[in-house]
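Undergrad: Residue numbers (this note's numbering), protein chains in the order written: chain Z, 1 to 246; chain U, 1 to 294.
The beta carbon of each residue, even a glycine, is placed where N, CA and C say it ideally should be.
Owing to the predicted nature of the structure, the values given are computational and were not obtained by experimental measurement.
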């Protein structure tokens with residue numbers, strides 16, 4: 001397929017003798033919103049961090065537009081500039097203002113001019129509703145606000161695919177909504193997204209592909225209706241019923 | 001009370017006679033402390049950065065070997081200069097280098113003495129700062145590095161734009177410590193004949209034996225220097241932290257920023273009616289030139 005962006009093939013990752021990911025296979029096409037769900041410790045975050053090369057996979061391939069990015073001699077920073085990442089703990093640069101956070105990558109990595117970068121940053125800050133806060137420092141913002149800035153920072157780099165690592169898990173309940181709204185907006189705007197989440201409602205309503213992971217392997221994947229509505233495997237059923245009970 | 005009056009009398013006599021010497025001593029002390037602290041912090045920065053270059057099992061053998069050697073050298077430097085008295089280091093370098101090079105390398109004259117003093121104090125400061133910088137870098141949340149990497153920054157860019165600014169902010173109290181220590185400890189440089197504030201005292205009391213009044217002047221002098229230094233550093237820290245408040249921007253920044261690639265008066269490439277071309281049109285109209293005539 002021409003519009004395949006990411007292809008994960010036989011990806012495995014071990015920390016020492018502990019195998020965290022085993023033989024992961026899936027594909028992300030342009031415009032896909034893929035939700036990765038699963039219990040804590042099932043390897044969801046590690047998978048996402050492998051995709052962004054923050055962790056080096058032990059074996060397997062990650063094909064970005066058909067080119068393997070896991071080998072030696074691959075320009076990892078260059079690759080990462082095409083793949084945005086939003087973290088659970090925001091990871092905004094504490095020494096910079098909100099605006100500066102969204103500008104620095106464009107200027108230093110993409111080598112854009114300052115004025116152009118500023119205009120671009122402002123556009124995305126406005127998009128996530130954080131334009132009034134451009135002069136604030138990260139420490140002065142609430143969790144939800146920080147996360148929205150983090151999304152704007154990732155968007156400002158013009159990524160082809162955006163990875164979300166449990167973007168709402170560190171937020172107070174009343175702030176989850178504002179972040180999910182932005183993500184929903186992004187999804188309907190056609191952004192390709194790979195989202196590790198515990199928000200089943202988000203997986204059901206926004207994503208078009210759900211991957212359920214259990215103990216380092218993909219247990220089941222398919223459309224939200226298939227995986228969430230009519231799960232085939234017992235593990236998936238158990239996992240989902242635990243969620244319903246909560 | 002008589003004794004106090006006597007002391008004040010003695011001090012004022014000393015001061016009227018030797019104030020230029022004392023002030024000159026203070027100036028030398030301050031210059032040496034500032035220069036040596038700055039150089040020392042730079043040495044510390046370099047050592048700290050070298051010590052924190054990430055090195056995984058996946059890196060090739062050459063890089064790992066080079067890093068191992070660098071780390072060993074830095075470690076040896078830190079341990080040796082932190083573990084021996086600065087007085088001895090001064091003597092060691094000032095007399096040792098000429099001794100070993102049969103006089104080819106020697107610290108001659110006033111400038112030689114300055115060179116030796118700056119060298120010893122800054123190398124000493126660097127040894128202490130190396131560890132502080134390492135601590136400062138480690139203390140920055142690893143998430144900051146990940147955030148920087150995730151938007152495609154290289155290791156050097158991450159260091160320069162994200163980690164070091166935060167690490168530096170964290171080690172300012174340490175830099176202040178070292179600066180104040182340097183103001184006081186430069187006094188041991190008298191062993192190589194360097195005349196700073198304390199050496200001035202030694203010279204003056206050598207003539208008139210007024211030990212206590214002169215020491216009182218020294219005490220007050222040093223205290224003023226260090227108090228000023230702490231005050232300055234606190235101020236710097238506050239400045240770096242920035243304001244606790246921020247202003248909400250209510251007007252539309254995007255509209256205001258749009259089309260500012262160049263200054264509006266010069267016009268933008270997208271702007272058909274920028275000033276020069278408007279002037280041109282006006283000029284053309286004035287002299288009655290028609291487009292067809294060109």
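Does the contact criterion of 3 or more C-beta pairs under 8 Å hold for the stretch 5-21 of chain U versus the stretch 67-76 of chain Z?
TA: no
Undergrad: Please list, in chain order, the residues of the stretch 203-230 of chain U that have any C-beta partner in chain Z closer than 9 Å.
TA: none
Undergrad: Spell out a yes or no on whether the stretch 1-9 of chain U and the stretch 171-186 of chain U are touching, meaning 3 or more CB-CB pairs, one atom from each, closer than 8 Å.
TA: no
Undergrad: First and last residue of the alpha helix (DSSP H) that includes residue 232 of chain Z?
TA: Segment: none, residue 232 of chain Z is in no alpha helix (DSSP H) and carries neither H nor E.
Undergrad: Answer yes or no: do residue 247 of chain Z and residue 109 of chain Z have a C-beta to C-beta separation smaller than 8 Å?
TA: The question about residue 247 of chain Z has no answer, for chain Z in this structure spans 1 to 246.
Undergrad: To which residues does DSSP link residue 26 of chain Z through a beta bridge?
TA: Z:8
Undergrad: Find the residues of chain U that neighbour residue 54 of chain Z, judging by a C-beta separation of less than 8 Å, and give them in chain order.
TA: 146, 149, 150
Undergrad: Check each residue of the stretch 161-179 of chain U: if its Cβ is closer than 8 Å to any Cβ of chain Z, include it; give the result in chain order.
TA: 161, 162, 165, 166, 169
Undergrad: Roughly how many angstroms separate the alpha carbons of residue 158 of chain Z and residue 199 of chain Z, rounded to a whole number?
TA: 26 Å
Undergrad: Please compile the residues from chain Z whose C-beta is within a distance smaller than 9 Å of the C-beta of residue 153 of chain U.
TA: 77, 80, 81, 104, 105, 108, 109
Undergrad: Identify every run of the alpha helix (DSSP H) within the stretch 76-155 of chain Z, keeping only runs that are complete inside it and at least 4 residues long; order them along the chain.
TA: 76-80, 98-108, 114-127
Undergrad: Checking contacts by CB at 8 Å: is residue 95 of chain Z closer than that to chain U?
TA: yes
Undergrad: Is residue 23 of chain Z closer than 8 Å to residue 85 of chain Z when the C-beta atoms are compared?
TA: no
Undergrad: In angstroms, rounded to a whole number, what distance separates the CA positions of residue 81 of chain U and residue 213 of chain Z?
TA: 55 Å
Undergrad: Given a threshold of 16 other Cβ atoms within 10 Å of its Cβ, counted over all protein chains shown, does residue 234 of chain U qualify as buried or as exposed?
TA: Flag for residue 234 of chain U reads exposed.
Undergrad: Beta-carbon of residue 208 of chain Z versus every beta-carbon of chain U: anything under 8 Å?
TA: The beta-carbon of residue 208 of chain Z is placed no less than 8 Å from the nearest beta-carbon of chain U.
Undergrad: For residue 139 of chain U, which residues in the same chain have their Cβ closer than 8 Å to its Cβ, ignoring the five residues on either side in sequence?
TA: 167, 170
Undergrad: How many angstroms separate the CA atom of residue 102 of chain U from the CA atom of residue 93 of chain U?
TA: 14 Å
Undergrad: With 16 other CB atoms within 10 Å as the buried threshold, where does residue 42 of chain Z fall?
TA: buried
Undergrad: Alpha carbon to alpha carbon, how far is residue 10 of chain Z from residue 186 of chain Z? Give it in angstroms, no decimals.
TA: 29 Å
Undergrad: Which residues bound the alpha helix (DSSP H) around residue 185 of chain Z?
TA: 173-188
Undergrad: Taking residue 70 of chain U as the reference, which of U:108, U:55, U:117 has the closest Cα?
TA: U:55
Undergrad: Examine the Cβ distances between the stretch 187-205 of chain U and the stretch 133-149 of chain U and report whether three or more of them are shorter than 8 Å.
TA: Fewer than three beta-carbon pairs drawn from the stretch 187-205 of chain U and the stretch 133-149 of chain U are found closer than 8 Å, and the two stretches are therefore not classed as touching.
Undergrad: Excluding the five sequence neighbours on either side, which residues of its own chain have a C-beta within less than 7 Å of the C-beta of residue 87 of chain U, listed in chain order?
TA: 188, 191
Undergrad: Going along the chain, which residues of its own chain have a beta-carbon closer than 7 Å to the beta-carbon of residue 53 of chain U, five neighbours each way excluded?
TA: 67
Undergrad: Mind checking residue 177 of chain Z: buried by the 16 CB within 10 Å criterion, or exposed?
TA: exposed
Undergrad: Taking residue 244 of chain Z as the reference, give the member of Z:193, Z:128, Z:228, Z:232 with the closest Cα.
TA: Z:228
Undergrad: How about the stretch 15-34 of chain Z and the stretch 209-223 of chain Z: do they share at least three Cβ pairs that are nearer than 8 Å?
TA: yes
Undergrad: Between the stretch 123-140 of chain U and the stretch 226-240 of chain U, do three or more beta carbon pairs fall short of 8 Å?
TA: no
Undergrad: Taking only beta-carbon positions, decide if residue 242 of chain U is within less than 8 Å of chain Z.
TA: yes
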